[in-house]
Structures are given as C-alpha cells and as structure tokens.
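The sequence shown begins at 0 in numbering that gives the first Met the number 0 and counts up one residue at a time. In what follows, a structure is listed as structure tokens, so that the remarks can point back to it.
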Amino acid sequence: MSLYMIGDVQGCDEALGRLLDEIAFSPSRDTLYLLGDLVNRGPESLKVLRRLMALDGAAHSLLGNHDLHLLAAAHGVRKLHRSDTVSDILDAPDSAALLDWLRHRPMALFEHGWLMVHAGVLPQWDVADTMARAHELQSALRGPDWTAFLHQMYGNEPAFWSDALQGADRLRVVVNAFTRLRFCTAQGLMEFETKEGADGAPPGFMPWFDVPGRRTAGVPLAFGHWSTLGNVQREGVLPLDTGCVWGGCLTAARMLSSPGQVELIAVRCPQTRKPGKAP
Numbered sequence: 000m001s002l003y004m005i006g007d008v009q010g011c012d013e014a015l016g017r018l019l020d021e022i023a024f025s026p027s028r029d030t031l032y033l034l035g036d037l038v039n040r041g042p043e044s045l046k047v048l049r050r051l052m053a054l055d056g057a058a059h060s061l062l063g064n065h066d067l068h069l070l071a072a073a074h075g076v077r078k079l080h081r082s083d084t085v086s087d088i089l090d091a092p093d094s095a096a097l098l099d100w101l102r103h104r105p106m107a108l109f110e111h112g113w114l115m116v117h118a119g120v121l122p123q124w125d126v127a128d129t130m131a132r133a134h135e136l137q138s139a140l141r142g143p144d145w146t147a148f149l150h151q152m153y154g155n156e157p158a159f160w161s162d163a164l165q166g167a168d169r170l171r172v173v174v175n176a177f178t179r180l181r182f183c184t185a186q187g188l189m190e191f192e193t194k195e196g197a198d199g200a201p202p203g204f205m206p207w208f209d210v211p212g213r214r215t216a217g218v219p220l221a222f223g224h225w226s227t228l229g230n231v232q233r234e235g236v237l238p239l240d241t242g243c244v245w246g247g248c249l250t251a252a253r254m255l256s257s258p259g260q261v262e263l264i265a266v267r268c269p270q271t272r273k274p275g276k277a278p
C-alpha cells in the first residue's frame, strides 16, 4: 500500500494519467490525496473530475480556488473568464453529479501525520484550529443554503483572523486562507496581490510558512497553489504545485515510513497556457 499527495492538476488529465502510470497506482491498494485546483486552465477538466470521482475512496481531493470558481460560475455567482476552461463540465450531461461531488470535497486534511491544504494556514492556527475552521467552511458548502454562501464568499476583507469574527466575514477569512494565501505579516495579515516567488514578498510581508512562531510548525505540511514558488526547502514544508499547466511538472509525493519524509515522482507536462502570471 502506498500513499501519495499530488499537486495542482488544473484540468491536465493526460499528465495525471501518465503520473498514475509512473507510480503504478492501484485503486485497490493505494490512496491519493490531491491538494486542490483539480480544474481550470488545462484542457481536460471534465476528464479529471470523472476520473477522480470514479476512484471513490481511493482518491481524496481538497477544494482549491479554481474549484470554488467553477461552483460559483455554475450557479451564476461569477462569470467565466476568457481564460477559463470549464465549459465542458457545465455542459456535460453529468454536470450536476460532478458539481455535487466537488462541493463535498474537504478544505483540509490531517492524515498519516501530514496536514494538507490547498494554499496556506494562518500562523495563529494550530492543527486543531485548522481542522475546526475547515469543518466550519465544509458545513457551509454542504448545507442547504450553500449557494447563498457563494454570493458572500468573494472579497479581500477582513484580511486578518479573529476568534470574534462571525457569519460571512468569518468564513471569508477562512476560505481566503485555505485557497488564496501566499504572503502575510508576522501577525497574520494576509496579502493577495503578489504572486511572485518567496523572494518577492512586499515590504512587511513574508511567505506564510516563514512566519516566526507559526503554530503549525513542527507538523509536516503539504500545499499547492503557488506555482511560482520555486525550489523552497524548509523543514516540514512541502509545496507541490510544480506548474503543470504552465509547462512544468505534475508531482506526486509518496509518503515514507519516516515522519515527514517523502519520495517525489514527477512527469513533465506540455505547456497548455501562455507564459504570464500564474493564477
């Protein structure tokens, strides 16, 4: 039995298929953990969702910002952008089932000693806090009024976590941390405009995983979302968005028996998006 974490697929089903062949993945024996952004920008988002949905309990997928964008667009909350590549899902005969499956994906996982998120974790949260906030957000997305939440989901404010936050403001901070966070201050104030690598932090900000005293420090933590991050080596920090859709690689990390240790396996991806700023 092998356990794998996989970075942002973003609709690159052909690369995903090659990666699963490379690791000799068997759904009866092995388990996948995909770190969000299953869809969009790549050419085969529909195939990705169908593949993962068919794997049932052998694949566990987090929700990323592109996945939430698809849900919002499907319910008229957001318009599709010119660069979006999810129309095949919206037009598919099984669209309703695929979207329902997608919205029931978790926002964070803590499995086999690894904390897994799509983008980041605020420095004020420990593992228990992180999973509690994920449960709050999952409950909103899985509840009867979930489409009303989509209308309140977007925005940059509040940009700072407080236990006193309630309602839409509280959930907006949580969703932004889990699906958009790259840089924040030492106090946890989030910044959403900068998309460069770790060395491109605006004055007063730093990569969220470099905040001194981060309460998840010491817990192995894997994330995606940040294709421009580059070769960052930090103890217990594993970035897995290696820019598949931008002509990079799609990467799987096989969990080893030693805590926090992995073996990386990658397949090269054809460039399906023009050079430019990563999403």
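No residue lacks a Cβ here, since even glycine has one placed at the ideal position from N, Cα and C. None of these values were measured; they are calculated from a predicted model.
Would you kindly report the start and end of the unbroken beta strand (DSSP E) that includes residue i?
i      : result
Glu262 : 261–267
Ile5   : 2–5
Val236 : 236–238
Leu220 : 220–222
Ala251 : 248–254
Residue j and residue i - do their beta-carbons sit closer together than 8 angstroms?
i      : j      : result
Leu51  : Leu70  : no
Tyr32  : Leu136 : no
Cys11  : Leu263 : no
Ala139 : Leu164 : no
Leu48  : Ile88  : yes
Gly246 : Pro269 : yes
Met254 : His59  : no
Phe208 : Asn155 : no
Asp240 : Asp7   : yes
Arg40  : Val244 : yes
Val116 : Phe177 : yes
Leu34  : Ala221 : yes
Thr215 : Trp113 : no
Pro206 : Gly259 : no
Arg28  : Met4   : no
Within 8 angstroms (strictly less), CB to CB, does residue i reach chain C?
i      : result
Gly229 : Although the question refers to chain C, the structure presented lacks it and comprises just one protein chain.
Assign residue i to one of two classes, buried (16 or more other C-beta atoms within 10 Å of its C-beta) or exposed (fewer than that).
i      : result
Pro278 : Only weak support is given to the placement of Pro278: the predicted model assigns it a pLDDT of 44, under 50, and the value that follows is read from those uncertain coordinates. That one is buried.
Ala53  : exposed
Phe182 : buried
Thr30  : buried
Gly212 : exposed
Gln186 : exposed
Asp36  : buried
Gly147 : A quick correction: the sequence has Ala, not Gly, at residue 147. When all chains shown are included, Ala147 counts as exposed.
Arg132 : buried
Ser44  : buried
Met189 : buried
Gly242 : buried
Leu18  : buried
Thr193 : exposed
Gly223 : buried
Ala197 : buried
Arg104 : buried
Over what stretch of residues does the alpha helix (DSSP H) that includes residue i continue unbroken?
i      : result
Ala72  : 64–73
Asn150 : Reading off the sequence shown, one finds His at residue 150, where the question assumed Asn. Segment 145–151, the alpha helix (DSSP H) holding His150.
His134 : 126–141
Thr178 : 166–179
Ser94  : 94–102
Residue i bridges to which residues according to DSSP?
i      : result
Leu108 : Met115
Leu33  : Ile5, Ser60
Phe182 : Glu190, Pro206
Arg233 : Val236
At a threshold of 7 angstroms, does residue i count as lining the ligand NAP (C-beta to nearest heavy atom)?
i     : result
Leu31 : What this structure holds is no ligand at all, so the ligand NAP is not there to describe.
Specify the secondary structure class of residue i as computed by DSSP and reduced to three states.
i      : result
Glu13  : helix
Val85  : coil
Pro258 : coil
Leu19  : helix
Arg50  : helix
Ser161 : coil
Ser44  : helix
Trp225 : coil
Ala91  : coil
Ala216 : coil
Gly289 : The requested residue 289 is not part of the displayed model; the chain covers only 0 to 278.
Gly275 : Only weak support is given to the placement of Gly275: the predicted model assigns it a pLDDT of 45, under 50, and the value that follows is read from those uncertain coordinates. In this structure, Gly275 counts as coil in the three-state DSSP scheme.
Val38  : coil
Val120 : coil
Val244 : helix
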